[in-house]
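Comments concern the structure below.
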Ligand code: SF4
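Next up, the structure:
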């Protein structure tokens, strides 16, 4: 994949922009000036990290051009290729699909559909490998583990994904397998005996202990501990008795038996024998077999996933990148690509994955100019495949290597000077140690003025630390007090300094769980939070809506009915549902409790005409669910939750489209049940934001509280990771990369199993540790630099500060000193003013009472007539009469049995055209008619006969309406009251103050049926007549139904019978 | 005749007609399609249109025959349908731009390939481009037309090249080409400032006079409500000249809100393939493939108008949901019942036997299928037969009413049949058929029942469709419409070659300028008010701002809130009256309702109590009762059940069911079978059985579980046979029905998996379980809560105490039973043996029954600390697991004081 690039790269500028230094502004300026330099907009390519950022970039760049008076260029910029890396790549591969030999459909799989698509595509492969892998997974005790950790398919999928994100082929997977095995061997103990010897020794020890126990060999007073140990041993014996091998967690457990003290001698031989597990040859064999099988399976899955998608024209994000790289590197496409791409702008370069770096490098070979903007200090997506070392090296070396410029944005626009000084002192040494230049590591200056008074910039909060809940409650109390002081804390507002408000505060936490906990603690004391928390399905309004959907899908769903009744009953009628469920006809009784049962009934029938998501919308509105939900208080939050459900329904339909499967309401309810959706973040701007460090990236608040600084995850080298070998070369970022799989063979046993020590101590283990620690430092930097005016460090008292300690410089003691009291903190030897406080859980506990929303007055949906009058044929024929009949005594001869609809259209077309050329020579007219009949494939009538019919008609008009003008195919639009008449009139004859209408109907029936047939069309003609009257003010002199096939014109009475007052409405037929 | 022509005027336009009168004749507002159509009519060139699915199928057939090394060859191999579709679209675009496929000039390779394709037989059915040039040619040839003038809505410079030529041809024929008069600038200060901003880069300060409103909401729901509220508040007169732009093409949500406010619907419905009736075709096709897809059949049967009789559909759906497959007892029983019901009609003389037979035959055809290999494909005749069947269904369902939706089902099915014919192939693989069905349904149809209602507000789905002044313009869901101008597939050399032949394309920048002009024009048309109604940018779903907004930064930018221009729709929930655009919107304070709280005790009516008297319980119902009386009451007495789609057993249970069936088949009464024979037979039979009664296992995604079953069950049943031999156990019966009395008044019944005979002729019970872990069952035994075993053990032993009983854990190959049991492979020390468990069950049953008889059922999961009745020996396991009724007792919800 990573061919050596012989191409000369275009000029690459690198701009390093520290947090809050106006990165986007710079990017906007660059794009605007590129446009002004008359680079065609469609040849400008720019990538950002999120859809939102891309939208903002386009908006600001266009806005800037407008501001500069350049509307024209601003318009053209709409054609630029600006978007996320994926969308930009996606567009390219769609354009070049045929060159890539791929399905041109390139339908992008939604994120939500990735797992199910993968599972379906690789099902056969998984089934085939299951025989091999499942027993090994058993041996490793995977069934003890929760969720994905216990599913080997997940390992396969991870490897497949990593392979794709790193541009690896099957051969490279084989290499990865070998390297995994070699490195894994290095952390295993050498075996000292054969498997049989070790197995036998353990079996013997077990047998001996069990039979001793069975024969009274235990201490007379049996203890619980001994019972437990014996239970463990017995179940191992049963396994052995079936002729099976013990799992590795079982071996490990046997080394940890803790019988009662007196019984220890009986168990000690087992422990000794079991302790050999670490050097057991079968452990090594199992690990090898597993690693090999999983890689082999991944290779096969990689292929089947690829061909599944290709056959269906599907691509996912990884494909978009891999294929884009492939096409960018194709020599034969360089010229065409160069016609399409002239300038490239990359935002958030530091978060690029290796394949993205490769794409950007390849793009720079195509485009004349590139600018990469980013901040290596804020690279925090290592866990998601970005490669900070690589992006840092690339940003450093690319400008020099290509004749570009390096620039650093180091003037903070965001934070007050005292905070900026703190960031510099805190982080510079750590970043320099990571290989950054000093200049890139620190802010040179702060743009803002230091506010006078209003509190110290830094806050050190000592929390009561009994347990997590208490800690969270202490943080909440800290926030409460910050917001509620005699001398308020002040922040910079749009118009000068102002007191702190709840919406100014953000609490940043380590995990989603912590976010939920902190938010709960804040809510408990009556502070509103903006946070994505909890299961969407647990929201009562969502529960209600889902129950309604289930009831729509299946009228026999009594549980759904009961749930609806229960929710509607609230606290006023809490038992009604159960009383109804006990009635003689429970379904009817339950339905009677649902005021909108009729709506449900109606919607059930409308399933045929509506899509599942439209049905959901109709349900929400027509059954009034939105208002019902708002009665429970928190109206706008509940509306948001329902909106989130609506979005999911649309995602579901998208997924169905991708998989080309049917979408039904019933299936939607199953999907929603399994979607695992979260409640959306409240968008209330008066709420305190609580979010994770990762989510905080790119945002800023006046007052930021950092939690979780006491703790650091121990880096573990087990599982799956991408490693790279050799020196980093940003021009070939994919070279030397391999996937390492180190399975954990001991199930839930995490300690004292030898490899828990040898793994982390190995060179790989060390490298993992370094990687993770560096990333943690960057994450800390991201967290801290979110603060504009105040930064609070929330530290649990007596728990240490492991995360902050990462900033320590070797041999120099604590870099950030956290004093218990005082009014400053010492950071890197410098004192920074700080407010130091101590918080216990709040004594306040406020349960807010719900406030109902203001509601619109709603009515039962009225039934209006349709806007466009559509009298259905024959609907009210009884109200009309045939006044006269003109019979030509001539029928158009038909050969065979023609498709009358087709024939009608053809004849009709002939008349429309012939009206314009009726004065021409008959041959000309005949040729037209012939061509027309041929076009309609109507061979059953003769062209001459059609012409004959036309002539009769023209003659009829001329004789019946002498001195008039007439036209065919006359459009009419007019208003009758609130309704519209819209259509085309076949023949409109006009006099000075009158008109008449003729309408062709190619009816082939017998004479006896003419009249009734004609009357069927009368209502429609009447409507047209009324329309023409309204539009022209002329009187209708009659309406005729022209039946060319039977050779007759029937005058039908119309109009007179219709109401003439402007306001009344014409009703539709039955 | 006069035409008003705009590139976006093919759909709904605003206003309805020109001039302020009551209507017009002889004036048409048309887009490119309408223009060509009118000219064709006048020139005698109209002809039938070929559905796109058939055009693509024909193109695919041509590609197939053309062969050779072409620039599309690899893609065509990977995805023939999509490749044919793309090439056809390229061809159509070329034709539209004036391509001459007959030219003999040497072209770049790709164009030459395409030219070869175009020239190969049969000729491609006409598209819009072909028709347009045919019209131009006729015009140039001087054929008569009846058009006097064409007024262009768009600037002439913005017309696509082909349309330019058409307009020129008309002009040469003496048709007057005119430009739409420019509407006068609004007199409202802010709106006027906005309009000038769009014309030239001026920045004017806005005053917040209400003529421009940036209405922002966090949710679409609220946005729809706010706009509906506003439309209501402006009154009939205000609505009289109001147009709503909904670029997404749907006003469904807004209309629902309008309806509830007593206003007529605007009636824009987006096209979608997911309308229920249109799903019949893909579902019917999905049923044809092997392995059979039970969910597709269930979906089909649960539609409001299923293709088999409603009662039959209901019976079959229930059978499928219990035992998903067509080879099990449930399925057979459902059919028997259907036949019985139908034959009653015969007996009653209401129907003839022959009718019934025909009907049954038809129903069976719908539910049969599932035999074709997806890769190989289904034969042409079968594919057409499915389409035909769907047509027959639609015709019958419509019963002559002409329902537009059913008509579209018919036309989609016909189009599919046409395409099947045009494909000229014998076999249709699954992917191809699916692509064809998707195409036949097309982009779908709008909801035919969702039409505009008589009223004054109009909605249009494209900003470019406003061609004359409106008092008020509401841009609903003002967001990035998301179609950036696409780059041309042709490179510079190719474009140059095409240009020499007069084939010219619009450039992306020109396209951008054209759509931008549409947007700006929409705003320029507003005379009094312009409302931009949009979602806030920070909505969860990362929406982009509308490109027009980029040009209005000075108007809608940061200062908009301060200037009283930006209004947050959610303000309507908090304040009444709330002002939007100078109109005060009144809402009333909503009623407050409290959410239900959890409750511990639930009242049982007398009649229910009566129903519980003398009941016979099953082991499962007893488990329910002893876990939670409310649960028992709901699930076992009152039959409060989930719907069918939600009742399909979980994978674990399906595998268990397959294993049960295998046991029944392979362990006949008598000596245990030969383990090797068992192993072999299981391996042979398991797949068929899965298809018959547990077909979800064979669906994509089930392979791992199915592999696990294939791996473990043969081994496991062989092991059991061996174990039984070793312990001298004989099979007495499998799936045996039992009935008995567990204690005085406690009747039980059920079906036991296997009854065995111990060496001393004593009976014993083995119950089979398939589960990832044995922990749960083990604990049950240890703690003396193995209700199932106790009930069965007691039932087979009559009055003689409790027979030995154990769980055979299929996946683990362990027979779990209490210590000392002859059954066990692994004995468990128990706190209470099965005999005592029976006693405990009876005692606990008695206590709960007494409480229920007293009119109260307890939800044991509520308030965990609550006192349990004295003497309750089997206590509930908390927190509650696997219970469907959490939403009813509301465990987990706050407690409240409840009367
Ligand atoms: S959730 Fe618990 S308390 Fe509620 S009904 Fe079910 S078992 Fe009883």
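Residue numbers (my numbering), protein chains in the order written: chain A, 50 to 1119; chain B, 38 to 936.
For every residue, glycine included, the Cβ atom is placed at its ideal position computed from N, Cα and C.
Find the nearest neighbour of residue i within the set the options, judged by alpha-carbon distance.
{"i": "residue 422(B)", "options": "450(B), 413(B), 702(B), 438(B)", "result": "450(B)"}
{"i": "residue 1054(A)", "options": "856(A), 1032(A), 946(A)", "result": "946(A)"}
{"i": "residue 697(B)", "options": "365(B), 604(B), 590(B)", "result": "365(B)"}
{"i": "residue 466(A)", "options": "135(A), 798(A), 776(A), 492(A)", "result": "492(A)"}
{"i": "residue 367(B)", "options": "714(B), 266(B), 705(B), 685(B)", "result": "685(B)"}
{"i": "residue 514(A)", "options": "803(A), 845(A), 416(A)", "result": "845(A)"}
{"i": "residue 504(B)", "options": "462(B), 554(B), 821(B)", "result": "554(B)"}
{"i": "residue 714(B)", "options": "644(B), 754(B), 49(B), 583(B)", "result": "754(B)"}
{"i": "residue 869(A)", "options": "1006(A), 964(A), 509(A)", "result": "509(A)"}
{"i": "residue 830(A)", "options": "717(A), 478(A), 658(A)", "result": "478(A)"}
{"i": "residue 177(B)", "options": "127(B), 208(B), 186(B), 59(B)", "result": "208(B)"}
Taking C-beta pairs closer than 7 angstroms, name the residues in chain B that residue i reaches, listed in chain order.
{"i": "residue 619(A)", "result": "630, 631, 632, 633"}
{"i": "residue 692(A)", "result": "256, 257, 258"}
{"i": "residue 1007(A)", "result": "Within 7 angstroms Cβ-Cβ: nothing; residue 1007(A) doesn't reach chain B, min ~18 angstroms."}
Closer than 8 angstroms by beta-carbon distance: list the chain A residues that pair up with residue i, in chain order.
{"i": "residue 325(B)", "result": "The premise fails here: residue 325(B) is roughly 14 angstroms from chain A at the closest Cβ pair, so nothing lies under 8 angstroms."}
Under 8 angstroms Cβ-Cβ, which residues of chain B neighbour residue i?
{"i": "residue 542(A)", "result": "In chain order: nothing, as chain B lies at least about 13 angstroms away."}
Check whether the Cβ atoms of residue i and residue j sit closer than 8 angstroms, and answer yes or no.
{"i": "residue 408(B)", "j": "residue 466(B)", "result": "no"}
{"i": "residue 546(B)", "j": "residue 143(A)", "result": "no"}
{"i": "residue 531(B)", "j": "residue 148(B)", "result": "yes"}
{"i": "residue 563(B)", "j": "residue 507(B)", "result": "yes"}
{"i": "residue 679(B)", "j": "residue 306(A)", "result": "no"}
{"i": "residue 664(B)", "j": "residue 926(B)", "result": "no"}
So with CB distances below 7 angstroms, who are the chain A contacts of residue i?
{"i": "residue 112(B)", "result": "146, 147, 150, 151, 152, 153"}
{"i": "residue 607(B)", "result": "685"}
Which chain A residues are close to residue i, counting only those with a beta carbon under 9 angstroms from its beta carbon?
{"i": "residue 678(B)", "result": "605, 606, 607, 608"}
Any Cβ of chain C within less than 8 angstroms of the Cβ of residue i?
{"i": "residue 346(A)", "result": "Here chain C cannot be found, since the structure's protein chains are A and B."}
**Asked** How would the residue list near the ligand SF4 read, in chain order, if you kept each one whose beta-carbon is closer than 6 angstroms to any heavy atom?
**Response** 664(B), 665(B), 667(B), 668(B), 896(B), 897(B), 898(B), 899(B), 917(B), 920(B), 922(B), 923(B), 926(B), 928(B)
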